[in-house]
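Residue numbers (the numbering used here): 1 to 198.
What follows is a single structure, written as structure tokens, with notes after it.
Written out as structure tokens, the structure reads:
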């Protein structure tokens, strides 16, 4: 008799499904908990580009946090573009399994070049710039124009995200550059992210 009751209750619990609203709520909670942290609800679709933009926008705070270490350990400083690339590679690898550094771009105007990072599954190129004392808005603009022309012919490049790290504020009008170069055409999407965003 007891065994029959246990069997009956077992079948009852196996066949009883929670209401659809409860399942949807629990799935939404799990998505939000394990999602890339952003101001948006994770159940809303957040594009890969938006996730990378958020990562880049927070980079300056990340770099500042690395400067402060305990127990008299030497600080980790971001001194040049290579340091930025080194850290970004590690950060991008947290979210994308196939990040290729220094991928060769097709030759344009007789010169070859390499993209800083290629995320081939997303057909996305990341190009890193670190502003320096000798760089002004025009110099940066010229570099972006040249890079866009070079990477446009890359077979796996449908989106270019430029990350300009400018901790000392050498670029006077980042908003104008961001607006001027932002493009969302069918053949190539271009996004420019500055950090910090003064």
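Where is the CB? At the ideal position from N, CA and C, for every residue including glycine.
This structure is a prediction, so every number in the text was calculated from the model and none was measured.
N- and C-terminal bounds of the beta strand (DSSP E) containing residue 124: Per DSSP, the unbroken beta strand (DSSP E) holding residue 124 starts and ends at 124-130.
Cutoff 8 Å; reference residue 89; Cβ partners in own chain excluding five residues on either side: These residues qualify, in order along the chain: 99, 101 and 117.
Residue burial classification, residue 127 (beta-carbon count within 10 angstroms, cutoff 16): Taking every protein chain shown into account, the CB of residue 127 has 16 or more other CB atoms within 10 angstroms, so this residue is buried.
Burial state of residue 195 (16 or more Cβ within 10 Å): Answer is buried; the Cβ neighbour count reaches 16.
Contact set for residue 92: own chain, Cβ-Cβ below 8 Å, skip 5 residues either direction: Result list for residue 92: 52, 55, 99, 117, 119 and 126, in chain order.
Per-residue burial, residue 43 [other beta carbons within 10 Å of its own, 16 or more giving buried]: Because residue 43 sits at a pLDDT of 45, beneath the cut-off of 50, its placement in the model cannot be relied upon, and the point is left open.
Range of the contiguous beta strand (DSSP E) that encloses residue 192: Residue 192 -> beta strand (DSSP E) spans 189-195.
Stretch pair the region 126-140 + the region 158-174: three plus CB contacts closer than 8 Å: Here the region 126-140 lies against the region 158-174, with 3 or more beta-carbon pairs under 8 Å apart.
CB-CB length for residue 171 against residue 140, believed under 8 Å: Contact holds; Cβ gap of about 6 Å.
Same chain only: Cβ atoms within 8 Å of residue 186, ignoring 5 sequence neighbours per side: Excluding residues within five positions, none has a Cβ falling inside 8 Å.
Chain-order list of residues whose beta-carbon lies under 6 Å from that of residue 76 (same chain, five-residue window excluded): Cβ neighbours of residue 76 beyond the five flanking positions: 66.
Paired residues, beta bridge with residue 118 - DSSP: Answer by DSSP bridge pairing, in chain order: 100 and 125.
Residue 178 and residue 190 closer than 8 Å at C-beta: In this structure, residue 190 does not lie closer than 8 Å to residue 178 by Cβ.
Alpha-carbon spacing of residue 1 relative to residue 45, whole angstroms: Cα to Cα, the separation comes out at about 53 Å.
Sequence-distant residues of the same chain with beta carbon closer than 6 Å to residue 157, five excluded per side: Correct list, in chain order: 125 and 151.
Beta-carbon spacing of residue 197, residue 174 below 8 Å: Their beta carbons are under 8 Å apart, which means residue 197 touches residue 174 by this criterion.
Nearest to residue 188 (by Cα), restricted to the options 20, 3 and 49: Just measuring C-alpha positions, the residue of 20, 3 and 49 sitting nearest residue 188 is 49.
DSSP state of residue 105 mapped onto helix, strand, coil: Of the three classes helix, strand and coil, the one that applies to residue 105 here is strand, per DSSP.
Counted within 10 angstroms of its Cβ, other Cβ atoms place residue 207 as buried (16 or more) or exposed: The chain is shown from 1 up to 198; residue 207 falls before or after that span and cannot be answered.
Residue from 84, 181, 155 and 104 whose Cα sits closest to the Cα of residue 137: Comparing alpha carbon positions, the residue from 84, 181, 155 and 104 closest to residue 137 is 181.
Status (buried if at least 16 other CB within 10 Å, exposed otherwise) for residue 160: Residue 160 sits buried, since 16 or more C-beta atoms from the chains shown fall within 10 Å of its C-beta.
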